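Here's the structure, in structure tokens; my notes come after.
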Amino acid sequence: MSRTTNASDGRKGADRLWSIAWQVCRRELRGGLSGFWIFLACLALGVGAIAAVGNVSESVLSALERDGRKLLGGDVELRLTHTDATPQQLEWLSDNTERVGQLATMRTTAYGPDQRRLVELKAVDDAYPLFGEMELADDIPFAGSLDQKDGVWGAVTEAGLLERLKIKVGDTVKLGDIDVQIRGVITTEPDKAVGFFNFGPRLMVSKDALMQTGLVQPGSLIRYYYALDLNDSETPTAFRERLDEQFEDAGWRVRDTANANPGLRRFIQRLTLFLTLVGLSALLVGGIGVANAVRSHIESKTSVIATLKSVGASHGLVLRIYFLQILVLAVIGIAIGLLIGAVTPAIVAPLLAGRLPIDVTLGPALPSLLIATSFGILTTLVFALPSLLRAREIPAARLFRASAGLLGGSPVRKRDLPYIGAPLVLLLILTVMTATDKTIALGFIGGSAAAIVIFTYAGRAIVSLSKRFTTGRNAFSRLALTNLHRPGASTVPVALSLGLGLTLLVTISGIEGNLDNEINENLPESAPAFFFLDIQPDQIEAFRTQLLAKDNVSDVEQTPMLRGRVTAVDGVKSEDVGPGDDRWFLRGDRGLTFAAVPPPETKLVRGDWWPSDYNDASKPLVSISADIGNAFDLQPGDTLTINILGRDITAEIANWREIEWQSLRMNFAMVFSPGLIDKAPYSLIATAHMPRDMEEPVDRMIGIDFPNVSAIRVREALEAANAILAGIGTALNATSMIAIVAGVLVLAGAVAAGRRKRIYDAVVLKTLGATRANILYAYALEYGILGLATGVLAALVGSIAAWSVLVLVMGASWTLLPATILGPIAIGLFATLSAGFVGTWQALRSPAAPLLRNE
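Heads up, the sequence shown is in full-length UniProt numbering, so the first residue is 1 and it goes up one at a time.
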């Protein structure tokens with residue numbers, strides 16, 4: 001009974017404390033938010049960045065799910081490479097579905113009167129599209145636009161082809177062996193997949209027209225698609241089970257509406273992850289501003305806390321009062337951030353318009369807002385609780401003494417560590433659990449922890465060194481150095497916050513700059529000028545002869561190529577292999593070749609090459625790239641099963657090869673032994689080096705003499721890749737600037753916190769005869785040292801981080817780029833000097849008499 005009574009009394013006592021704390025909290029907040037603008041801005045920026053990224057991502061992914069049928073072209077899509085479905089397969093599909101739509105895609109070249117252009121050719125049947133609407137410009141109806149009229153087949157295309165070929169609607173273009181008439185410009189293509197490396201604009205013809213072009217040759221790289229409208233009573237899962245039972249070895253890739261565009265989904269998820277982590281970095285930097293603001297606020301309330309303790313307020317009551325204040329302010333800051341996150345999609349919407357194959361309704365998404373709110377609350381607790389807990393333990397007698405840096409030397413007691421550790425652990429768990437790639441999230445946490453340690457000790461090093469060099473003759477230089485280590489100085493938090501933001505900028509700029517440099521400078525030097533596709537075996541001799549007859553054309557190399565899909569890895573079905581970044585090897589079709597001898601410059605790292613006369617069709621061998629071997633833990637003697645032209649072929653792994661993918665040579669993840677693969681229909685691909693002024697004559701010659709061969713200019717492909725990289729880099733840099741802004745806000749808060757002392761110092765110095773120039777020099781030197789030291793260290797740490805990502809993670813090369821180093825150093829100097837100038841100017845404008853009378 002007594003225990004129950006005691007527990008009840010305890011709860012009532014705690015309730016009374018919270019009630020009193022809330023009353024005092026409300027009274028203090030009536031004075032306004034003065035001194036908390038930095039707190040609110042830092043929190044709002046970080047939460048806003050995370051909420052904005054999440055809202056945009058969630059809107060796009062939701063649209064993918066909503067429009068899955070339209071985007072896929074049906075409830076289920078089947079895809080075959082090189083070969084069309086058999087009549088028996090088509091009959092079964094027709095009998096077991098409501099409707100079947102057939103189309104084929106390939107890359108080829110369209111020829112205008114004077115120009116030519118590589119195009120993404122799409123041949124469709126009369127049922128196209130099964131779902132969605134195909135729309136043409138100027139309200140031209142799509143129905144009938146592809147029909148043959150007066151012996152000429154029709155075609156529709158994207159505006160880019162008209163611009164490149166300098167033609168208009170009604171003109172004709174040459175496609176293989178026939179001419180097609182352009183009858184409309186595509187504005188909406190419902191099932192257009194997002195290809196981040198599309199080599200040309202869309203050109204759409206009928207499937208019957210494709211068969212007359214002469215482009216369909218044995219081994220040509222053509223993909224055949226079958227869009228299926230299922231019976232209302234059947235689910236995609238049930239249909240796929242029946243399909244597998246009926247055609248177990250058909251070799252087609254099957255997708256349904258649950259994964260209509262996996263490439264776009266993966267891209268959005270990965271980009272969201274990186275942008276969210278950058279937003280978290282901004283929130284981390286803002287957290288330092290939160291910590292500074294809370295500490296400054298508590299120190300400004302020493303007299304209030306002293307009075308409360310003198311009249312009997314307990315430690316718990318003091319903690320509750322200021323905990324509630326910080327919580328209320330955090331809610332305001334988070335609400336502002338959520339508002340920013342909710343409004344941002346409306347700003348981003350025009351940028352996405354027309355760039356995605358789906359209608360995206362951008363707006364706030366509840367899960368994203370809840371995640372951003374959780375990050376904001378936990379960050380506030382992690383950075384605010386240390387100051388709150390230290391203030392609770394300071395005795396009243398000490399609170400009545402006005403001492404600078406009151407909370408700086410008061411350690412957190414061991415018994416309070418769980419209160420700080422709990423939200424920190426929850427923050428780390430939330431970071432990992434909300435990330436689509438846990439490994440990257442863990443790497444981010446480790447890198448952030450290392451950066452915090454580095455810049456904390458760097459700030460302390462600046463403080464320590466400034467103490468050692470305060471013995472010079474110049475009084476104003478001594479003043480600048482003294483300000484760096486005086487009690488209450490913000491040297492460490494400013495170095496930490498600004499350093500983290502600058503490090504992030506250096507890292508992103510270094511990665512983007514090196515990749516851009518690799519694409520624009522290093523690759524073009526070694527890359528071939530052309531890749532030629534779909535060369536028939538009986539054309540290769542004439543092709544080589546005519547190509548080498550051109551001036552300055554050299555290094556013509558060719559190799560056979562087929563497409564196959566990996567269906568099993570050492571006996572394990574590909575769909576049962578665990579997730580990972582290397583699953584690209586298992587997705588869709590892979591290019592493969594065969595060779596009796598190792599390709600030029602082959603470097604074997606494990607196993608041996610087969611004899612040059614090896615020709616055993618009953619035991620095919622395969623050479624794989626070392627990165628694939630490592631990723632799937634495959635050893636020589638293990639097996640891979642590949643479906644080629646509907647037939648599963650199991651090959652024994654003979655060796656690993658080291659492949660330099662960035663060389664742009666004809667590299668294949670799989671090279672087979674002759675004897676079996678070479679019996680299948682195949683085409684050849686070739687590369688050639690030549691000066692830039694020879695590209696146009698060679699392209700023209702290929703179009704006239706070999707119309708079925710597609711010529712891909714490597715230069716154009718690199719430019720397209722660079723444009724994509726630039727867009728991603730812009731998004732990452734824009735988000736990283738939020739971290740820089742948060743660092744500047746922390747710096748501004750530090751200047752504001754020391755404003756009264758600087759005014760006092762300036763007044764005393766002016767009274768003693770110092771000029772404005774002397775005082776400006778002292779403060780410029782102080783902030784210049786802080787900004788320069790922080791910028792240099794950020795450049796070093798960011799460069800190491802960029803090197804780690806490029807070399808260790810991406811396997812690319814790294815070069816020290818001066819622009820990525822000098823830029824952040826300049827930003828650091830500018831930020832600190834600007835903040836110092838603003839604070840100093842206010843001090844210089846203050847009259848001396850009022851302050852001296854008060855003192």
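All C-beta atoms in this analysis are idealised placements derived from N, C-alpha and C, irrespective of residue type, glycine included.
On a predicted model such as this, the values are computed, not experimentally measured, just so you know.
Euclidean distance between Cα positions of residue i and residue j
i, j, result
"S233", "T344", "42 Å"
"L781", "A480", "6 Å"
"L796", "G787", "14 Å"
"V367", "L43", "First, the amino acid is wrong: residue 367 is Pro here, not Val. Straight-line Cα distance between these residues: approximately 19 Å."
"T379", "L17", "25 Å"
"T593", "R255", "26 Å"
"D229", "E557", "45 Å"
"A680", "V622", "16 Å"
"A402", "L427", "Only weak support is given to the placement of A402: the predicted model assigns it a pLDDT of 49, under 50, and the value that follows is read from those uncertain coordinates. Straight-line Cα distance between these residues: approximately 36 Å."
"G176", "M211", "10 Å"
"F131", "I140", "19 Å"
"N483", "S448", "28 Å"
"S562", "R590", "First, the amino acid is wrong: residue 562 is Leu here, not Ser. Cα to Cα, the separation comes out at about 8 Å."
"I702", "A441", "49 Å"
"L271", "R544", "43 Å"
"V285", "L369", "20 Å"
"A51", "R27", "32 Å"
"Q88", "Q102", "15 Å"
"L29", "V290", "17 Å"
"D576", "I186", "40 Å"
"V494", "V304", "28 Å"
"G499", "I20", "41 Å"
"L406", "L389", "Confidence is the limiting factor: at L406 the pLDDT is only 49, short of 50, which leaves the residue's position unreliable and the question unanswerable from this model."
"L806", "I712", "28 Å"
"A342", "P364", "5 Å"
"G73", "T188", "13 Å"
"I740", "A137", "45 Å"
Counterpart residues of residue i in DSSP-defined beta bridges
i, result
"A238", "Answer by DSSP bridge pairing: none, since A238 is not bridged."
"K122", "T105, M204"
"A711", "F532"
"A110", "R117, L175"
Residue from the options whose Cα sits closest to the Cα of residue i
i, options, result
"N552", "G74, I827, H689", "H689"
"K467", "R486, A450, V671, I167", "R486"
"L634", "I659, D613, V572", "V572"
"I38", "I288, D538, E299, A831", "I288"
"F375", "L324, A49, R692", "A49"
"D555", "H82, A529, L136", "A529"
"T687", "G675, F531, V566, I540", "F531"
"S813", "R240, V152, G513", "G513"
"R295", "T276, A384, I334", "A384"
"S220", "I659, Q536, T276, V671", "Q536"
"I182", "V169, P190, T188", "V169"
"I540", "R692, D705, I462", "D705"
Where the alpha helix (DSSP H) through residue i begins and ends
i, result
"W803", "772 to 803"
"T491", "491 to 517"
"N483", "475 to 485"
"D627", "626 to 631"
"V463", "438 to 468"
"A700", "Residue identity check: residue 700 is Arg in the sequence provided, not Ala. 695 to 705 is the span of the alpha helix (DSSP H), which, as asked, contains R700."
"G68", "68 to 72"
"A532", "Note that residue 532 corresponds to Phe in the displayed sequence, not to Ala. Run containing F532: none in the alpha helix (DSSP H); it sits in the beta strand (DSSP E), 530 to 535."
Endpoints, the beta strand (DSSP E) within which residue i is located
i, result
"S683", "683 to 689"
"I653", "647 to 658"
"V425", "Per DSSP, V425 belongs to no beta strand (DSSP E); it is in the alpha helix (DSSP H), 417 to 433."
"E557", "554 to 569"
"T545", "Premise fails: T545 lies in the alpha helix (DSSP H), 540 to 548, not in any beta strand (DSSP E)."
"F672", "670 to 672"
"Y224", "223 to 229"
"T257", "T257 -> no beta strand (DSSP E), and no H or E assigned at all."
| message | I'd like the ranges of any alpha helix (DSSP H) spanning at least 4 consecutive residues and lying wholly in the UniProt domain "ABC3 transporter permease C-terminal" (278 to 395). | response | 302 to 310, 315 to 352, 366 to 393
| field | Within the segment 76 to 104, ranges of the beta strand (DSSP E) (whole runs, at least 3 residues) | value | The segment 76 to 104 contains these whole beta strand (DSSP E) runs: 76 to 81.
| task | Would you list, in sequence order, the uninterrupted alpha helix (DSSP H) runs of no fewer than 4 residues that lie entirely inside the segment 127 to 192? | result | 159 to 165
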